[in-house]
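With my numbering applied, the sequence shown corresponds to residues 61 to 324, in that order.
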Amino acid sequence: ASDFVLWKPSSNAQPGWESPWGRGRPGWHTECSAMIKKNFGETIDIHGGGQDLIFPHHENEIAQSKCAHGGRNLANYWLHNGYLTVSGEKMSKSQGNFVTVHDLLKEFIGGGEDIRLCLLTAQYRQPVDFSRDGVIQAKKQLDKWYKITQGVEPTVVSDAVLDALRDDLNTPKAIMALNQLSKNENRKGELLASAQLLGLLESTIEKRLMGSLKINPEKIEDKILERTIAKMDKNWKRADEIRDELNKSGIKLLDRPDGTTAWE
61 ASDFVLWKPS SNAQPGWESP WGRGRPGWHT ECSAMIKKNF GETIDIHGGG QDLIFPHHEN
121 EIAQSKCAHG GRNLANYWLH NGYLTVSGEK MSKSQGNFVT VHDLLKEFIG GGEDIRLCLL
181 TAQYRQPVDF SRDGVIQAKK QLDKWYKITQ GVEPTVVSDA VLDALRDDLN TPKAIMALNQ
241 LSKNENRKGE LLASAQLLGL LESTIEKRLM GSLKINPEKI EDKILERTIA KMDKNWKRAD
301 EIRDELNKSG IKLLDRPDGT TAWE
């Protein structure tokens, strides 16, 4: 059986460095062990990677690092994530079925929270079959939570959420706990604190709406002022037109008893 390569020979046309073994460059596994040693030392706390890297890459990293550092562990903990798939196939450049975070952020303007929640619905060791429908469903869930926690201050993180995360980062279980909190009128602050621990509900419903609809709050206030003037002039037709225009953009006007108008 062949062993893995520590030092690859390099031609003059290839990247390389002079060494006692001739001109060459580090093998794939060697370069990772070398970067860890240079930047973090002989042993790191957590080493992550995809499940496809367990063998041969990570096993070879461990073997060479143990030999180089007197048998000491390369990492105290290993986290191997499942594949991100599209229609059941692994997402990869070679397959041509990949989508970048940059492109998704252009498509789903929610500060990344919609995408985050979509991915958190699967435990990190399990495959995630990515779809835009999944992100849309996550957006709807977040919109609901944002409405529930509007004007609420975060309190304490739920024990149920913490227990789920202690269980090998069981994020689907944590999301289920958030759903249970959202059904309890008296635990809104707990819902907010728990969601923020997961990087969710960190904006406001107003900013989220502005981002998704690309609406300028100042323009909304200008429209409200125009509508108020129309009502003062008893131009009810124009007042209704403005309300309808804003409704089409997802803006709901709330006329208060004191004569002022709020929007959401």
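Every residue gets a Cβ at the ideal spot worked out from N, C-alpha and C, and that includes glycine.
- Non-local beta-carbon contacts of HIS117 in its own chain, meaning distances under 8 angstroms to residues more than five positions away in sequence, involve TRP88, HIS89, CYS92 and GLY109 in chain order.
- Annotated three-state conformation of THR288 is helix, per DSSP.
- Contact between VAL195 and GLY142 does not hold, since the beta-carbon distance rounds to 18 angstroms and is not under 8 angstroms.
- By the neighbour-count criterion, in which 16 or more other beta carbons inside 10 Å mark a residue as buried, ARG226 falls on the exposed side.
- Around the C-beta of PHE100, fewer than 16 other C-beta atoms lie within 10 Å, and the residue is accordingly described as exposed.
- The beta carbon of ALA94 lies closer than 8 angstroms to those of PRO86 in the same chain, with the five residues before and after it left out.
- Pairwise C-beta distances place the segment 277 to 296 out of contact with the segment 237 to 247, as fewer than three of them are shorter than 8 angstroms.
- Look at ASN239 here: in three-state DSSP terms it is helix.
- Under the 8 angstroms Cβ criterion, the segment 298 to 307 does not count as touching the segment 249 to 261, having fewer than three qualifying pairs.
- In the three-state DSSP reduction, LEU314 falls in the strand class (E or B).
- For LEU202, the closest C-alpha among the options GLN186, GLU213, GLY259 and VAL161 is that of GLY259.
- Counting C-beta pairs closer than 8 angstroms gives three or more between the segment 234 to 242 and the segment 208 to 226, which meets the contact rule.
- In the displayed model, ARG85 falls within a strand according to three-state DSSP.
- Bounds of the beta strand (DSSP E) holding GLY110 are 104 to 110.
- Annotation: the continuous beta strand (DSSP E) that includes ALA322 extends over 321 to 323.
- In the three-state reduction of the DSSP assignment, LEU66 falls in the coil class, being assigned neither a helical nor a strand state.
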